[in-house]
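K.L.:
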Amino acid sequence: MEPAGVLFPEDTGDLKIVAKVLSEPAFRSVVIAPRGGGTGTNGQSLTSGVVVDCSRHMRRILEIDPVTRVARVEAGVVKDQLNRALRPYGLFFAPELSTSNRATIGGMISTDACGQGSCLYGKTSGHVRGLRVVLMDGSDLWSRPLDSAALAETMARDDRTGEIYRTVEQITREKAARIREIFPDLNRYMTGYDLAHVRRDNGDFDLNAILCGSEGTLAMIGEAELNLLPIPAHVALVNIRYGDFNTALEHARELTALMVASVETVDEKVLGLAKGDIVWNGIARFFPDDIQCPANGINIVELLADDEDELERHLAQVIAALDTDASHRGYTIARGHDDAEAIWAMRKRAVGLLGSVDGPVRPVAFVEDTAVPPQNLAAYIREFRALLDDAGVSYGMFGHVDAGVLHVRPALDLTRDDHMPMVRHISDAVVALTRKYGGVLWGEHGKGVRSEYVPQFFQDLYPDLQRIKQAFDPDNRLNPGKIAAPASQALLKIDEVPLRGGVDRVIGNEIRSAFDNAAYCNGNGACFDFDETSPMCPSYKATGDRRQSPKGRAMLMREWLRLLAEKGTDPRKEAAALRVGIAALPAFIRRAANTLNPANKSDFSHEVREAMDSCLACKACAGQCPVKVSVPAFRARFLELYYSRYLRPLKDPLVAAIETTLPIMMRTRPLYNLVAGTGPGRWLLRMAGLMALPLLPAMPLADQARRLGVATATRERIENLTQAERERAVVFVPDAFTASFDPDVVLAAVRIARKMGLLPFLAEPQINGKALHVHGYLERFEHAAARTARYLQSIADLEVPLVGLDPSMTLAFRSEYRSLPGAGLKSTVLLPQEWLAAQTGRLSANLPREEGASFGLLLHCTERSNIPASAGQWKRIFEGLGISLDIIDVGCCGMAGTFGHEVRNRAISKKLYGMSWSTPVSNANGNNVVMATGYSCRSQVKVIDGKSLPHPLQVIDRLIG
1 MEPAGVLFPE DTGDLKIVAK VLSEPAFRSV VIAPRGGGTG TNGQSLTSGV
51 VVDCSRHMRR ILEIDPVTRV ARVEAGVVKD QLNRALRPYG LFFAPELSTS
101 NRATIGGMIS TDACGQGSCL YGKTSGHVRG LRVVLMDGSD LWSRPLDSAA
151 LAETMARDDR TGEIYRTVEQ ITREKAARIR EIFPDLNRYM TGYDLAHVRR
201 DNGDFDLNAI LCGSEGTLAM IGEAELNLLP IPAHVALVNI RYGDFNTALE
251 HARELTALMV ASVETVDEKV LGLAKGDIVW NGIARFFPDD IQCPANGINI
301 VELLADDEDE LERHLAQVIA ALDTDASHRG YTIARGHDDA EAIWAMRKRA
351 VGLLGSVDGP VRPVAFVEDT AVPPQNLAAY IREFRALLDD AGVSYGMFGH
401 VDAGVLHVRP ALDLTRDDHM PMVRHISDAV VALTRKYGGV LWGEHGKGVR
451 SEYVPQFFQD LYPDLQRIKQ AFDPDNRLNP GKIAAPASQA LLKIDEVPLR
501 GGVDRVIGNE IRSAFDNAAY CNGNGACFDF DETSPMCPSY KATGDRRQSP
551 KGRAMLMREW LRLLAEKGTD PRKEAAALRV GIAALPAFIR RAANTLNPAN
601 KSDFSHEVRE AMDSCLACKA CAGQCPVKVS VPAFRARFLE LYYSRYLRPL
651 KDPLVAAIET TLPIMMRTRP LYNLVAGTGP GRWLLRMAGL MALPLLPAMP
701 LADQARRLGV ATATRERIEN LTQAERERAV VFVPDAFTAS FDPDVVLAAV
751 RIARKMGLLP FLAEPQINGK ALHVHGYLER FEHAAARTAR YLQSIADLEV
801 PLVGLDPSMT LAFRSEYRSL PGAGLKSTVL LPQEWLAAQT GRLSANLPRE
851 EGASFGLLLH CTERSNIPAS AGQWKRIFEG LGISLDIIDV GCCGMAGTFG
901 HEVRNRAISK KLYGMSWSTP VSNANGNNVV MATGYSCRSQ VKVIDGKSLP
951 HPLQVIDRLI G
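So the sequence shown is residues 1 to 961, counted in full-length UniProt numbering.
1. Can you grab the Cα-Cα spacing for the pair Pro3 / Val31, in whole Å?
2. Kindly confirm or deny that the region 142–151 and the region 476–488 touch, where touching means at least three C-beta pairs closer than 8 Å.
3. When the Cβ atoms of the region 522–536 are set against those of the region 638–646, are three or more pairs found closer than 8 Å?
4. Where does Thr712 fall in DSSP's three states?
5. Rounded to the nearest angstrom, what separates Asp504 and Glu510 at their Cα positions?
6. So, with DSSP's three-state summary, where would you put Asp886?
7. Taking a contact to mean a Cβ-Cβ separation below 9 Å, would you say Ser827 touches Asp806 in this structure?
8. Compute the Euclidean distance between the alpha carbons of Leu406 and Pro626, then round it to the nearest angstrom.
9. Where does Asp65 sit, in a helix, a strand or coil, going by DSSP?
10. Per the contact definition of three or more C-beta pairs closer than 8 Å, is the region 439–447 in contact with the region 388–395?
11. Can you find the residues in the same chain that come closer than 7 Å, C-beta to C-beta, to Gln954, ignoring five residues on each side of it along the sequence?
12. Assign Thr434 to buried or exposed, taking buried as 16 or more other Cβ atoms, counted over all protein chains shown, within 10 Å of its Cβ.
13. Roughly how many angstroms lie between the CA atoms of Pro498 and Val675, to the nearest whole one?
14. Looking only at C-alpha atoms, which of Gln456, Gly38, Gly508, Arg512 sits nearest to Met491?
15. Starting from the Cα of Asp277, find the closest Cα among Phe732, Val198, Met346, Thr167 and give me that residue.
16. Just to confirm the assignment: which complete alpha helix (DSSP H) runs, minimum length 4, are found wholly within the region 685–746?
17. Can you grab the Cα-Cα spacing for the pair Thr104 / Asp53, in whole Å?
18. Let me know the beta strand (DSSP E) ranges lying completely inside the region 100–153, each 3 residues or longer, listed in chain order.
19. Shortest alpha-carbon distance to Ala209 belongs to which of Asp201, Gly192, Glu225, Gly216?
20. Counting only runs that start and end within the region 13–61, where is the beta strand (DSSP E) found for 3 or more residues in a row?
21. CB Leu762 to CB Ala705, shorter than 9 Å?
22. Quick one: give me the first and last residue of the alpha helix (DSSP H) that Leu616 is part of.
23. Quick one: what's got a C-beta closer than 6 Å to Ala713's C-beta in the same chain, skipping five residues either side?
24. Assign Thr167 to one of three DSSP states: helix, strand, or coil.
25. Decide if Met259 is buried, meaning its Cβ has at least 16 other Cβ atoms within 10 Å, or exposed.
26. With DSSP run on the structure shown, which of helix, strand or coil describes Gly804?
27. Just to confirm my understanding: we take Arg35, look at its own chain, exclude 5 residues before and 5 after, and list those with CB closer than 6 Å. What are they?
28. Pull up the CB-CB distance for Val21 and Pro9, whole angstroms please, since I reckon it's below 8 Å.
29. Am I right that Asp194 and Cys212 are in contact with their C-beta atoms under 8 Å? What's the rounded C-beta distance?
30. Can you give, in chain order, each stretch of the alpha helix (DSSP H) that sits fully within the region 618–674 and has at least 4 residues?
31. May I have a chain-ordered list of the beta strand (DSSP E) segments no shorter than 3 residues that lie completely inside the region 251–290?
32. Residues in its own chain within less than 7 Å of Thr124 by CB, not counting five upstream and five downstream?
33. Mind checking Ile319: buried by the 16 CB within 10 Å criterion, or exposed?
34. For Ala378 and Asn246, what's the separation of their Cα atoms in angstroms?
35. Unbroken beta strand (DSSP E) runs of length 3 or more, entirely within the region 844–927: which are they?
36. Near Tyr453, what residues of its chain come up, given a Cβ to Cβ distance below 7 Å and the 5 sequence neighbours on each side ignored?
As structure tokens, then:
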């Protein structure tokens, strides 16, 4: 659904302005939909009206009272953001959900969200003390529990608020018996217009039960008062493996009976996907694989306690029960918050991981959060699986078995005529099955476009829901079609709303697959992570603009591809035509004419390019997105086409040619340094769109290498080595930037190799081509990559290890190179830590260290997000030298290759640096050694803070004397 517009209110006052303006006669036909984190799976905030997005500006934590344990926040505050602010007080906001790093409090309230641990902590509504909401007449209301006197006073009001309270009070009083009959007695009860919980046990009347879960159909949430809980002092997880998923489900009932905090289950499909994910490296030891009998399901049992002895007593009871039970294949125990959070991170990513498959058949969220009484769950799932098996669809399952909640997403391709009807067939069947077992269709993720089933579950109480909707929103202008609608207007139906498959059908599967998962983004929003120390996504963190995120860019690409398809344009053929070879001058004239043509100002391509311009090409999305949406990959393809039509900025050819021109710059070093290091020179560079360029050192790497007697690696030279020499040989592959601007890193690698008794060589200078790829010069990149790959493979064929030095440039050999047909690089160019990790027996520290010295390492974000084993490898290498290494938790430094050297990006670059890098760098001193693996990162530090951080190879070189 394409909205008519988007509003970004800054506070509750703005929400009141929105409502008041919409009350004017000229705007009475406009409908709106409040929006939070955008993580809803059922279209709750999709609208053809105006979106009111509270997530960009309404992110203030207004008050924390640790004594009464209450926090007051605006609707756009992210759950993890709030809990980080609460941690110093030993408190937390309890409802746990997999999207906690991007879900807003307003969104959580709107869907009455919950997740793991709900049997202990309940749903969001159980922790809401008060809500400040804005009604459609422009008035605002603080909804808090009222005693009988306050209720009577409020009902006597002659305004919208009075009408609302009178309506709800009458329904809950007159229909009390029927409400008890219809609302199931579940942990995941029917939320939204929750008539069953309006009247509290103490006699208070709580309108929040109606508002929580109402999905923006009744009012706009401005602020919330939340109940807080103490953080449990001690935690342990018991991770149990099973031969099949049904056994795990059956056993979960017995585990729940042990009075544990929570029991979560994951099936074999999700477990298999998790093993290939970024988080697995940190938790693999808790899920050992039996090659003969691999686990086909796991249960994760959580125990919490404020006293360590109490935890151990409870843990002993669980272990005793497990040791006498033959249904499982073993278990492990994780103690402490760090390990527990790492395991829960895997479980949280399960929803997104289900989308990590190849091809157009992908998991679709439409029956993914059913809830039944826990005692019925195993039987219910057997029938559920049989239903899906009969339909011939694949699926993965996981869930909160202690609460009877199941997450399952059937895999469909909604561009196919035979798959589209399955949405209706499976949904109707699941609704019938869920009602058979006494459950609800919407146990966790809300109703949204699945609202057509509301009358079936609420039965003869549905007209009362309509009355409540009428009292709050007489003209049906708040998120119409969801949950309750006037008799004159229909609820949305699952197969009558516009489906994404309709867009994708226009594009076609071949074009979709050619653009690197852009069209397969499933909208899970993992890239909206608020945490500054998380690598994904730096441009979104800096701007707060969702267009400048992997999800936003993927959606823009999808629309761009659709528009091309409607015009009959195949971007693959257009790209192929570019390779034929058009003369430079005619091509330039054509691009200039297109650029100057006023008719092209409305070209949608410009909007796509603007969003792509802020991408740092750090590839954190490629490593961290559960669906592996790689923006740099499809961005390069887009830019190639875009700049075949329009003129490039002057800085593009300068940046693209940098690897080619660096040798010339080295020969004219004084001239280059005069330009890069003086005011007039820097002014000229700024005119070209570049700034903050580093200076060249006095002695080039080639001269220093000759002094050290380091030979260049040629195939002939390596072939002429004796067998013993070849076994000791190692070839370092320095990238152009490290070699030119920071050659001591290369020399440190050479010295380390010699100290270990190895025979080091330097690779011939080659063009890596990453800058070409980043800026969309794909034909030039392919030619350069092919030449470089042939050379590197000729050396690797002689069984000599190749070792790169800069993470970003080295990892290009594993991604950009291998995605090109005929590139020819089958062997892996190792990162320094991968090489050293295999050489630890040769390493030993010979020099004494100062007492109290500490060592910290800042990893390049591409390395951190795409090679998750890196941190552990560096730690083991330094441990072998007797040093405890701290991997400092930071996000992107903001430089990201050439990104931070471009004038248009410098403000974002500096902002990102200030978010997480400036503090650890400021703490670096003689006794506190802070290292950085990325050349661009070290360059950024030098530009902003004037410090020279060493590469870990330089520190190791000094340590081993």
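Even for Gly, the Cβ is constructed at its ideal location relative to N, Cα and C.
P.N.:
Well, looking at it:
1. For the purposes of this step, residue 3 is taken as the residue at position 3 of the sequence shown. For the purposes of this step, residue 31 is taken as the residue at position 31 of the sequence shown. Cα to Cα, Pro3 sits roughly 10 Å from Val31.
2. no
3. Because the criterion of three Cβ pairs below 8 Å is not met, the region 522–536 and the region 638–646 do not touch.
4. The residue given as residue 712 occupies position 712 in the sequence shown. In the structure shown, Thr712 falls within a strand segment according to DSSP collapsed to helix, strand and coil.
5. Against the sequence shown, residue 504 aligns to sequence position 504. Against the sequence shown, residue 510 aligns to sequence position 510. About 10 Å.
6. Walking along the sequence shown from the start, residue 886 turns up at place 886. Note: Asp886 maps to strand in three-state DSSP.
7. Here residue 827 is taken as the residue at index 827 of the sequence shown, counted from 1. Here residue 806 is taken as the residue at index 806 of the sequence shown, counted from 1. No, the Cβ-Cβ distance between Ser827 and Asp806 is not below 9 Å.
8. The residue given as residue 406 occupies position 406 in the sequence shown. The residue given as residue 626 occupies position 626 in the sequence shown. Approximately 20 Å between the Cα atoms of the pair.
9. Here residue 65 refers to the residue found at position 65 when the sequence shown is read from its first residue. Of the three classes helix, strand and coil, the one that applies to Asp65 here is strand, per DSSP.
10. no
11. Indexing the sequence shown from 1 puts residue 954 at position 954. Cβ within range, chain order: Asp744, Val745, Ala748.
12. Taking the first residue of the sequence shown as position 1, residue 434 is located at position 434. By the neighbour-count rule (16 or more Cβ atoms within 10 Å), Thr434 is buried.
13. Numbered from 1 along the sequence shown, position 498 holds the residue referred to as residue 498. Numbered from 1 along the sequence shown, position 675 holds the residue referred to as residue 675. If I take the Cα positions, the gap works out to 56 Å.
14. Locating residue 491 in the sequence shown gives position 491, where the first residue counts as 1. It should be pointed out that residue 491 corresponds to Leu in this sequence rather than to Met. Among Gln456, Gly38, Gly508, Arg512, the Cα nearest to that of Leu491 belongs to Gln456.
15. Position 277 of the sequence shown holds residue 277. Of Phe732, Val198, Met346, Thr167, the residue nearest in Cα terms is Met346.
16. 701–708, 715–719, 723–728, 736–741
17. Here residue 104 corresponds to residue number 104 of the sequence shown, with the count starting at 1. Here residue 53 corresponds to residue number 53 of the sequence shown, with the count starting at 1. Each residue's alpha carbon lies about 11 Å from the other.
18. 128–134, 140–143
19. On the sequence shown, position 209 is the one that residue 209 refers to. Here the closest residue by C-alpha is Gly192.
20. 32–35, 50–53
21. Residue numbering aside, residue 762 sits at position 762 when the sequence shown is read from its first letter. Residue numbering aside, residue 705 sits at position 705 when the sequence shown is read from its first letter. In contact: Leu762 and Ala705 (Cβ atoms closer than 9 Å).
22. On the sequence shown, position 616 is the one that residue 616 refers to. It is not in any alpha helix (DSSP H) - Leu616 carries neither H nor E in the DSSP assignment.
23. Here residue 713 is taken as the residue at index 713 of the sequence shown, counted from 1. Contacts found: Val731, Phe761, Ala763, Ile795.
24. Residue mapping note: residue 167 aligns to position 167 of the sequence shown, counting from 1. Thr167: helix per DSSP, three-state reduction.
25. Translated into positions along the sequence shown, residue 259 becomes position 259. Exposure of Met259 is indicated by the presence of fewer than 16 other C-beta atoms within 10 angstroms of its C-beta.
26. Indexing the sequence shown from 1 puts residue 804 at position 804. Three-state DSSP puts Gly804 in a strand.
27. As a position in the sequence shown, residue 35 is number 35, starting the count at 1. Counting only Cβ-Cβ distances below 6 Å, and skipping sequence neighbours, we find Ser45, Val51, Asp53.
28. Translated into positions along the sequence shown, residue 21 becomes position 21. Translated into positions along the sequence shown, residue 9 becomes position 9. Not a contact, Cβ separation roughly 12 Å.
29. Your numbering for residue 194 matches position 194 in the sequence shown. Your numbering for residue 212 matches position 212 in the sequence shown. Indeed, because the Cβ distance is near 7 Å, the residues count as touching under 8 Å.
30. 620–624, 631–645, 651–656, 658–667
31. DSSP runs (the beta strand (DSSP E)) wholly in the region 251–290: 262–267.
32. Here residue 124 is taken as the residue at index 124 of the sequence shown, counted from 1. In chain order, Pro95, Met108, Ile109, Asp112, Ala113, Cys114, Cys212 place their CB closer than 7 Å to the CB of Thr124, counting only its own chain and leaving out the 5 sequence neighbours on each side.
33. Position 319 of the sequence shown holds residue 319. It counts as exposed.
34. Your numbering for residue 378 matches position 378 in the sequence shown. Your numbering for residue 246 matches position 246 in the sequence shown. Rounded to the nearest angstrom, the two C-alpha atoms are 7 Å apart.
35. 854–858, 885–887
36. Residue numbering aside, residue 453 sits at position 453 when the sequence shown is read from its first letter. Once the five neighbours on either side are set aside, the close Cβ partners of Tyr453 are Val431, Leu441.
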